[in-house]
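What follows is a short report on a single structure.
Residue numbers (my numbering): 21 to 262.
If you want it as structure tokens, here you go:
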């Protein structure tokens, strides 16, 4: 699911359950020593996914410990992101030489709890919802907006070390053709963005999909010397933005 949202060179491992071979690194055990079983399983499995992906780059089972504000600390030279929700866990990693940051998020394809949309969105974003719902029915667009903003935040924080509040990015979906359950989005930062190659980044671009009762979003921020990301090219080729 998330694999199809990310460019070549990104290693992705995703599972739809908790495989029995998933194990914690000893250094990670204290982090969930007192957690309920469901939390322990998801924590274990998503790190199993991450270590499996890292092994493809030659890293032998490093611990993945939380850093500032709980963001995982990746091995030197690596950027990555993890996500989990009911029935799904995934991790994605890439070489930092080509990718400055990436963020992934998965959510159930269900409406947000009452009142939550107003907390996580701008008035302008809510005003765009009716057209999106009319274009493609059967998608929880409010939850998808939340997922995309989570992916933006996961890409933002490693670059800045700062919190990005929900109202500090205006997220615009490209309106998909009728019945198409995947597409692109663009998040315009409403606060000063990170510097890459000496230039500020004002926009994060990403992709999303809805399949099998799940929603997934991904953001990739390429290093300045690399080619334009597939997400950017796809977005630019879509004229109908909302």
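Think of the CB as a built atom: it goes at the ideal place given N, C-alpha and C, for glycine as much as any other residue.
Every value quoted in this text rests on a predicted model; they were computed, and no experiment measured them.
Cutting at 7 Å between CB atoms, please list the residues of its own chain near residue 152, excluding the five before and the five after it. Taking the first residue of the chain shown as 1, we reach residue 152 at position 132. For residue 152, where only same-chain residues beyond five positions count, the Cβ hits under 7 Å are 161, 193, 195, 262.
What are the partner residues of residue 91, as DSSP defines its beta bridges? The residue labelled residue 91 in the question sits at position 71 within the chain shown. Answer is none; residue 91 lacks a bridge partner.
Boundaries (first-last residue) of the alpha helix (DSSP H) holding residue 180: Within the chain shown, numbered from 1, the residue matching residue 180 stands at position 160. Here the alpha helix (DSSP H) through residue 180 covers 161-180.
Measuring CB to CB, does residue 239 end up less than 9 Å from residue 132? In the chain shown, residue 239 corresponds to position 219, counting from 1. In the chain shown, residue 132 corresponds to position 112, counting from 1. It is not a contact, given that the beta carbons lie outside the stated cut-off.
I need the DSSP call for residue 261, collapsed to helix, strand or coil. Position 241 of the chain shown, counted from the first residue, corresponds to residue 261. With a pLDDT of only 46 at residue 261, under 50, the local geometry of the prediction cannot be trusted, and the value read off the model is given with reservation. In this structure, residue 261 counts as strand in the three-state DSSP scheme.
By Cβ distance, which residues of its chain are closer than 8 Å to residue 210, with the 5 residues on each side in sequence left out? Translated into the one-based positions of the chain shown, residue 210 becomes position 190. So the list reads 187, 188, 189, 190, once near-sequence residues are dropped.
Checking 9 Å against the spacing of the C-beta atoms, do residue 42 and residue 64 come in under that value? Taking the chain shown and counting its residues from 1, one reaches residue 42 at position 22. Taking the chain shown and counting its residues from 1, one reaches residue 64 at position 44. Against a cut-off of 9 Å, the Cβ pair of residue 64 and residue 42 comes out as a contact.
Along the chain, where does the alpha helix (DSSP H) containing residue 136 start, and where does it finish? On the chain shown, position 116 is the one that residue 136 refers to. Residues 136-140.
Grouping DSSP H, G and I as helix and E and B as strand, with all else coil, what is residue 117? Residue 117 sits at position 97 when you count from the first residue of the chain shown. Residue 117 falls in the coil class under three-state DSSP.
Those residues which DSSP pairs with residue 54 across a bridge: To locate residue 54, count along the chain shown from 1; it is residue 34. Answer by DSSP bridge pairing: none, since residue 54 is not bridged.
What first and last residue would you give for the alpha helix (DSSP H) that runs through residue 225? Position 205 of the chain shown, counted from the first residue, corresponds to residue 225. Looking at the DSSP string, residue 225 is not in any alpha helix (DSSP H); the run it does join, the beta strand (DSSP E), is 223-231.
Measuring CB to CB, does residue 149 end up less than 9 Å from residue 124? In the chain shown, the residue the question calls residue 149 occupies position 129. In the chain shown, the residue the question calls residue 124 occupies position 104. The answer is no: Cβ separation not under 9 Å.
Work out the CA separation of residue 59 and residue 52 for me, nearest whole Å. Sequence index remark: in the chain shown, residue 52 carries index 32 (1-based). Sequence index remark: in the chain shown, residue 59 carries index 39 (1-based). Their backbone Cα atoms lie some 8 Å apart in a straight line.
What residue does the alpha helix (DSSP H) around residue 147 start on, and which one ends it? Looking up residue 147 in the chain shown gives position 127. Its alpha helix (DSSP H) spans residues 143-155.
Do residue 83 and residue 31 have their beta-carbon atoms positioned less than 9 Å apart in this structure? Taking the first residue of the chain shown as position 1, residue 31 is located at position 11. Taking the first residue of the chain shown as position 1, residue 83 is located at position 63. Taking 9 Å as the Cβ cut-off, residue 31 and residue 83 do not qualify as a contacting pair.
Give the single residue among 172, 130, 104 whose Cα lies nearest to the Cα of residue 214. For the purposes of this step, residue 214 is taken as residue 194 along the chain shown, with counting starting at 1. Taking only the C-alpha atoms, the option nearest residue 214 is 172.
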